[in-house]
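Here's the structure, in structure tokens; my notes come after.
This is the structure we're talking about:
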């Protein structure tokens, strides 16, 4: 397993394709099992994540290991770096 320099616990396999992320988002939205933020809030959260020094691969938060597109969607979640 090859490790990524920026994260001692991550390997190259942590890269998630944008199509897979879109499928996860659609699944969460359609499930009805989660309290979701508004589209405006979601967009603002992703914008903050996009400019964050802890974002890796445009998908992964190096502070908590989450996929930001999934975490930002959920109302009960917050940013581990307190950006939102």
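In my numbering, the protein residues as written are 168 to 251. Backbone N, C-alpha and C define an ideal beta-carbon position, used for all residues, glycine too.
Contact under 8 Å by Cβ, residue i with residue j
i           : j           : result
residue 181 : residue 236 : no
Length of the line joining the Cα atoms of residue i and residue j
i           : j           : result
residue 240 : residue 251 : 12 Å
residue 203 : residue 224 : 24 Å
residue 194 : residue 238 : 14 Å
residue 215 : residue 184 : 21 Å
residue 243 : residue 187 : 23 Å
residue 249 : residue 229 : 13 Å
residue 246 : residue 220 : 13 Å
residue 196 : residue 218 : 25 Å
residue 213 : residue 200 : 21 Å
residue 227 : residue 198 : 23 Å
Buried versus exposed, by CB contacts within 10 Å (16 or more), residue i
i           : result
residue 231 : exposed
To test your reading of the DSSP string, which unbroken beta strand (DSSP E) runs of 3 or more residues are found completely within the segment 179-210? none
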